[in-house]
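Visitor: I have a structure here, written as structure tokens, and I will follow up with some questions on it.
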Amino acid sequence: MRLSTAAYLASLAALLPSVIGAPAAGLADPIVARGSEEDAAAKLDELQQQALDTTLAALEADAAQMQKRGQTPACTVKNLQIRREFGSMAKADRKAYTDAVQCLQSKPNKTPASVSSGARSRFDDFIVTHIQQTPFIHYSGTFLGWHRYYVHVYEQALRTECGYKGPIPYWDWPKYASAPQNSPIFNGDAYSMGGNGKLIPGHEGITLLPAFDGLGSEPIYLAPGLGGGCVENGPFKNMAVNLGPIGLANSTTGPENGLGYNPRCLKRDVGPAIATKYTNYALVLKALLKGDIASFQLELQGTPGENTIGPHGGGHYTIGGDPGGDLFVSPGDPAFYLHHAQVDRLWTLWQALSPATRTFALAGTNTLLNIPPSEDTTLDFTINTGYAGGTTLAMRDIMSTTKGPFCYIYL
């Protein structure tokens, strides 16, 4: 699953605006109403508890069956890792996490210069892999599974290479949607994921243009956040972004199609405009109430032609800036992994609401928006994370968070 040519990479960069961009037409008024939001939040709590109870009961039942056969289960209620919302973690645990990320940023890269001359650290290895595989892992049948495994491999690197003891945290988007810049994630204190970018007064938002004729999307305007400049406080205030840009609005592609060395500051444009519009409780609930995997993942990502970026796109553009607003290079912002842990959390929850029919449910082909045309993704289709680490696995091996290489739940 490597890009065949640099030209293909460059052509896919042009696809970015419509792939994760467009507002949810006709839904804003009822969804952002306060009563509706409170009701949606309560329903999400109810579904979370239902999913948790189902998962724990299944683990207990599996363990009992295996013990009857004289076997020892690999994942049990006793050894489950629990992924928690970032703001609910103790300050010391948050600091341990960001320390481990900075450690990974200090480790030498494993990606050969012949693949990416710009990679300078183990952290960058993950960015290179995401750049290379973007044409296969978005709006495809592998979107959810590939990112689940990718976040896991990142988590394991933090553990095995940097001594991190805890699980990866997640960003509960709607919890902080009204003021994400003041959240424990982005408030810029020593226990955050770094602050917002420096405010650039009067800076403009982003207009997303449709990428292909026939998709039916209109140009989309995303309002600016409350930053736009370099991050100047918190753990990542001195961080260098080495790769890209590739798919960043109002920007030119970096050297070697984004894989060359291009050091610059980490920029963010965090604010409530995009967060409240696209990552509110009601939109998250709307996705979770979908009855099939195709509808669920399209609701999450945004259905092309329906002018919606979905909560997934909303989270990316809430971070914004460089590289957070770049589909290809977005893992270059450390907040990316909290964002995709939340995506995985919602998929995990959706699966647990009907495990018999949803655990192994797939929809989509092996290429982004089926361009170029490709086969449907199957459970036998294999994925990898390149020089980031891990191994080659079949999709069937990454469909449950309590089987295969995984043993974790979300609280």
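Note that the sequence shown covers residues -21 to -1, 1 to 390 in mature numbering (1 follows the signal peptide of the UniProt record, and there is no 0). Heads up, the beta-carbon is just placed ideally off N, CA and C, and yes, glycines get one too.
#1: Let me check understanding here. Comparing Cα to Cα, which of 184, 328, 224, 317 lies closest to residue 200?
#2: With DSSP as the reference, please indicate the residues paired to residue 124 in a beta bridge.
#3: In terms of residues, what are the limits of the beta strand (DSSP E) holding residue 178?
#4: In the DSSP assignment, the alpha helix (DSSP H) including residue 262 goes from what residue to what residue?
#5: Tell me where the alpha helix (DSSP H) around residue 83 begins and ends.
#6: Less than 9 Å between the beta carbons of residue 293 and residue 254, yes or no?
#7: Can you list, in chain order, the residues of its chain whose CB lies under 8 Å from that of residue 182, leaving out five sequence neighbours each side?
#8: Check each candidate in 98, 108, 27 and name the one with the smallest Cα separation from residue 219.
#9: From the DSSP secondary-structure annotation, give me the bridge partner or partners of residue 389.
#10: Per the DSSP calculation, residue 302 is bridged to which residue(s)?
#11: Keeping to the same chain, check which residues put their C-beta closer than 7 Å to that of residue 176; ignore five residues upstream and five downstream.
#12: Please identify the residue among 256, 312, 273 whose C-alpha is closest to the C-alpha of residue 286.
#13: If we count the other Cβ atoms within 10 Å of its Cβ and call it buried at 16 or more, is residue 148 buried or exposed?
#14: Going by the DSSP bridge assignment, what does residue 348 pair with across the sheet?
#15: Apart from the five residues on each side of it in sequence, which residues of its chain come closer than 8 Å, Cβ to Cβ, to residue 122?
#16: Exposed or buried, residue 224, counting other C-beta atoms within 10 Å across all chains shown (16 or more means buried)?
#17: Count Cβ pairs between the stretch 32 to 47 and the stretch 343 to 357 that sit closer than 8 Å; are there 3 or more?
#18: Can you confirm whether the stretch 321 to 329 touches the stretch 80 to 98 when touching is taken to mean that 3 or more C-beta pairs between the two stretches lie within less than 8 Å?
#19: If we count Cβ pairs, one from each stretch, closer than 8 Å, do we get three or more for the stretch 354 to 371 versus the stretch 118 to 134?
#20: Give the single residue among 372, 270, 352, 318 whose Cα lies nearest to the Cα of residue 340.
#21: Can you tell me whether residue 73 is buried or exposed, with buried defined as 16 or more other CB within 10 angstroms of its CB?
#22: Taking only three categories from DSSP, how would you classify residue 149?
#23: Within 10 angstroms of the Cβ of residue 227, are there 16 or more other Cβ atoms? Answer buried if so, exposed if not.
#24: Nearest to residue 163 by CA position, among 313, 390, 66, is which residue?
#25: Which word fits residue -20, buried or exposed, when buried means at least 16 other C-beta atoms lie within 10 angstroms of its C-beta?
#26: Ends of the alpha helix (DSSP H) at residue 327?
#27: List the DSSP bridge partners of residue 209.
#28: In three-state terms, what does DSSP make of residue 201?
#29: Where residue 75 and residue 372 are concerned, what is the direct C-alpha to C-alpha distance, given to the nearest angstrom?
#30: Closer than 8 Å: is that where the CB of residue 155 sits relative to any heavy atom of the ligand GTP?
#31: May I ask you to list the residues that DSSP assigns as paired with residue 26?
#32: Where does residue 219 fall in DSSP's three states?
#33: Roughly how many angstroms separate the alpha carbons of residue 19 and residue 238, rounded to a whole number?
#34: Please state whether the Cβ-Cβ distance between residue 156 and residue 251 is less than 9 Å.
#35: With 16 as the cutoff for other CB atoms within 10 Å, does residue 355 come out buried or exposed?
#36: Which word fits residue 265, buried or exposed, when buried means at least 16 other C-beta atoms lie within 10 angstroms of its C-beta?
Guide: Judging by the given coordinates:
#1: 184
#2: Bridge partners of residue 124: none, in fact.
#3: 176 to 178
#4: 260 to 267
#5: 70 to 85
#6: yes
#7: 203, 207, 248
#8: 98
#9: 62
#10: 246
#11: 206, 207, 208, 209, 210, 246, 247, 248, 300
#12: 256
#13: buried
#14: Answer is none; residue 348 lacks a bridge partner.
#15: 116, 276, 280, 343
#16: buried
#17: no
#18: no
#19: yes
#20: 270
#21: buried
#22: strand
#23: buried
#24: 66
#25: With a pLDDT of 35 at residue -20, under the threshold of 50, the modelled position of that residue is not reliable, and no figure is offered here.
#26: 315 to 331
#27: 246
#28: strand
#29: 30 Å
#30: With respect to small molecules bound, the structure shown includes none, and the ligand GTP cannot be examined in it.
#31: DSSP, once it has assigned bridges, lists no residue as partnering residue 26.
#32: strand
#33: 42 Å
#34: yes
#35: exposed
#36: buried
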